[in-house]
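This report refers to the structure that appears directly beneath it.
Right under this line is the structure:
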């Protein structure tokens, strides 16, 4: 079967539109986050309500603006929080980090993401900087974060 | 009973000497390490050979020089690695961070600490920056690190 040029063109336009959305309104991959403030860590075990997809050990990182936000409770636009989720392995009375499952991102932009509390949500699968996991404009993420309104929709607190 | 001035003086001199040793040759508290590179984390469970005192969740942080060392395997003098040990609590299918147990420090100075592989070792109890835990010049610490000679006595590897 021959593929019609118009179908190819439509597919191409769709891809470009998606790409353009990702570039314009999508949350960018948080380059360099491994050098940001490590705010806290937690381990989610099998059987937890958020097991899928969050079972693993996660580390939360904050860029400069988000680090200030964790202290003050107010987040300036440009604040970025990263939820870095790794598999873990339990062996010989230790729990050790394994491969990366996903990189979750919250980026504050009170105009662009007004419908989800001023935060844009995205997830990148494994070690990819381009394979995106969120396909509902962050609504499902926000649903879970919404009860944290008093903390500006952020779960993490700041510890020493 | 009256305390003789000479005893007070002797005690004072001893305190000053200890302080002076700590200032001159002791490993200083790693101020600001919570903003350094978070290299990796691990959890040590009850029953592990190092349970006492290392049971807990620990995070390893590296200053700029030590971060380069983790990549190259060579550590310049001034490299500092921190082993930040917290208690943990297992509840509702999560493992969450608790209070700080100790802050372990390795500081590279190939002259000053030549007898322990060029690394000075120290531990600070809980959240104290002054209560030191190592009282044998780091020999016991080094005993455990010595088999890692091929990695310049460092256990941690660098992960993404």
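Residue numbers (UniProt numbering), protein chains in the order written: chain B, 1 to 160; chain H, 1 to 160. Even glycine gets a Cβ: it sits at the ideal position worked out from N, Cα and C.
**OP:** Could you tell me the boundaries of the alpha helix (DSSP H) in which residue 43(H) lies?
**Re:** Premise fails: residue 43(H) lies in the beta strand (DSSP E), 37-44, not in any alpha helix (DSSP H).
Original post:
Which runs of the beta strand (DSSP E) fall wholly inside the UniProt domain "Cytochrome P460" (30-156) of chain H and span at least 3 residues, in chain order?
Top reply: 37-44, 56-62, 80-91, 94-108, 119-125
Subject >> Distance CB(residue 185(H))-CB(residue 117(H)) smaller than 7 Å >> reply: Given a span of 1 to 160 for chain H in the structure shown, any question on residue 185(H) remains unanswerable.
**OP:** Decide if the segment 121-128 of chain H is in contact with the segment 70-77 of chain H; the criterion is three or more beta carbon pairs, one per stretch, under 8 Å apart.
**Re:** no
Subject >> Beta-carbon contacts of residue 63(B) that lie in its chain and below 6 Å, excluding the five residues immediately before and after >> reply: 36, 80
Subject >> Closer than 8 Å at the beta carbon, the chain H residues around residue 94(B) >> reply: 42, 43, 44, 45, 48
Subject >> Cα-Cα separation, residue 59(H) to residue 132(B) >> reply: 29 Å
Subject >> 8 Å Cβ cut-off: residues of chain B touching residue 158(H) >> reply: Result: empty, since nearest Cβ-Cβ is about 10 Å, beyond 8 Å.
**OP:** Identify, in the order they occur along the chain, each residue of the same chain with its Cβ nearer than 6 Å to the Cβ of residue 99(B), setting aside the five sequence neighbours on each side.
**Re:** 87
Original post:
Which whole-angstrom value is the C-beta distance of residue 41(B) and residue 41(H), which I expect to be below 8 Å?
Top reply: 6 Å
Original post:
Between the C-alpha atoms of residue 97(B) and residue 57(B), what's the straight-line distance to the nearest angstrom?
Top reply: 7 Å
Subject >> Cα-Cα separation, residue 103(H) to residue 138(H) >> reply: 14 Å
Original post:
Taking just the CA atoms, how far does residue 115(B) sit from residue 68(H)?
Top reply: 43 Å
**OP:** Out of 159(H), 153(H), 31(H), point me to the one whose CA is closest to residue 108(H)'s CA.
**Re:** 153(H)
Original post:
Excluding five sequence neighbours on each side, which residues of the same chain lie with their C-beta closer than 8 Å to the C-beta of residue 112(H)?
Top reply: 25, 120
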